[in-house]
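Residue numbers (full-length UniProt numbering): 1 to 234. Idealized CB from N, CA, C, for every residue including glycine.
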């Protein structure tokens, strides 16, 4: 008969061995070779490009036609463009609550800004939206004609919705919201266009080479590497 003390020792030894085997089994199950690991990367968050501009501003026209649209064509998957047509305008509210606007380049610019605001809201496809706005700003001196021509050019069917937006108080309300966003910028707007990338950015660099600045903000990923190699020929 085995002494009690010896039986206790054997029992403790068996428990320790079983515990060690369980730990080894669990460790080997959890640990995978590098080839077996499945890395799940978080989806890329687009760089929010907010463009504060005016419909009749030559510098706005140059930036949208020569920088914004060409960059978006290359880098749409890493960009989210927000158009804020207002610029250095002012918003007036009379005693009855009616809205009116004074724009840097006169009443026609206020009309143009409002048509741009209505188009930006009504056209859902971001590429088509930007193409229409680019088309409009190339010749915006008769804003209504520019809107109709450009919307038809890109086969948008809800032209009546855009015109209704302009003719109703909704267009003015949109423009006021753009004014509120513009006036909220810090530091205040001193040059139009002003462009922010995720809420900030060096204006001189952005206006000169938008793609390079978007690539810097987006960071280095496999997706951005494929897109940003175009900087050499952009």
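Backbone CA spacing between residue i and residue j [nearest angstrom]
| i | j | result |
| --- | --- | --- |
| residue 59 | residue 44 | 31 Å |
| residue 119 | residue 159 | 9 Å |
| residue 173 | residue 99 | 8 Å |
| residue 94 | residue 102 | 13 Å |
| residue 207 | residue 79 | 16 Å |
| residue 202 | residue 112 | 27 Å |
| residue 167 | residue 153 | 22 Å |
| residue 56 | residue 190 | 17 Å |
| residue 217 | residue 83 | 19 Å |
| residue 42 | residue 220 | Unreliable positioning characterises residue 42 in this predicted model, as indicated by a pLDDT of 46, which lies under 50. The coordinate reading is nonetheless provided below. Between residue 42 and residue 220, the C-alpha separation is close to 13 Å. |
| residue 227 | residue 213 | 13 Å |
| residue 177 | residue 184 | 11 Å |
| residue 161 | residue 81 | 22 Å |
| residue 222 | residue 229 | 11 Å |
| residue 123 | residue 147 | 12 Å |
| residue 107 | residue 144 | 13 Å |
| residue 151 | residue 92 | 30 Å |
| residue 186 | residue 179 | 14 Å |
| residue 125 | residue 96 | 37 Å |
| residue 39 | residue 77 | Annotation note: pLDDT 28 at residue 39 (below 50); position unreliable, no value reported. |
Under 7 Å between C-beta atoms of residue i and residue j
| i | j | result |
| --- | --- | --- |
| residue 70 | residue 116 | no |
| residue 196 | residue 50 | yes |
| residue 136 | residue 175 | no |
| residue 134 | residue 90 | no |
| residue 87 | residue 192 | yes |
| residue 198 | residue 48 | yes |
| residue 130 | residue 72 | yes |
| residue 104 | residue 210 | no |
| residue 109 | residue 54 | yes |
| residue 52 | residue 169 | no |
Strand pairing of residue i, partner residues [DSSP]
| i | result |
| --- | --- |
| residue 100 | 92 |
| residue 79 | 47 |
| residue 143 | In DSSP, residue 143 forms no bridge with anything. |
| residue 85 | 53 |
Terminal residues of the alpha helix (DSSP H) in which residue i lies
| i | result |
| --- | --- |
| residue 106 | Neither: residue 106 is in no alpha helix (DSSP H) and is coded neither H nor E. |
| residue 125 | Here residue 125 belongs to no alpha helix (DSSP H), and DSSP marks it neither H nor E. |
| residue 223 | 222-228 |
| residue 62 | 58-63 |
Would you mind listing the alpha helix (DSSP H) stretches within the segment 165-216 that are 4+ residues and don't spill past its ends, in chain order? Assignment of alpha helix (DSSP H) within the segment 165-216, counting only whole runs of 4 or more residues, yields 169-183, 203-208 in chain order.
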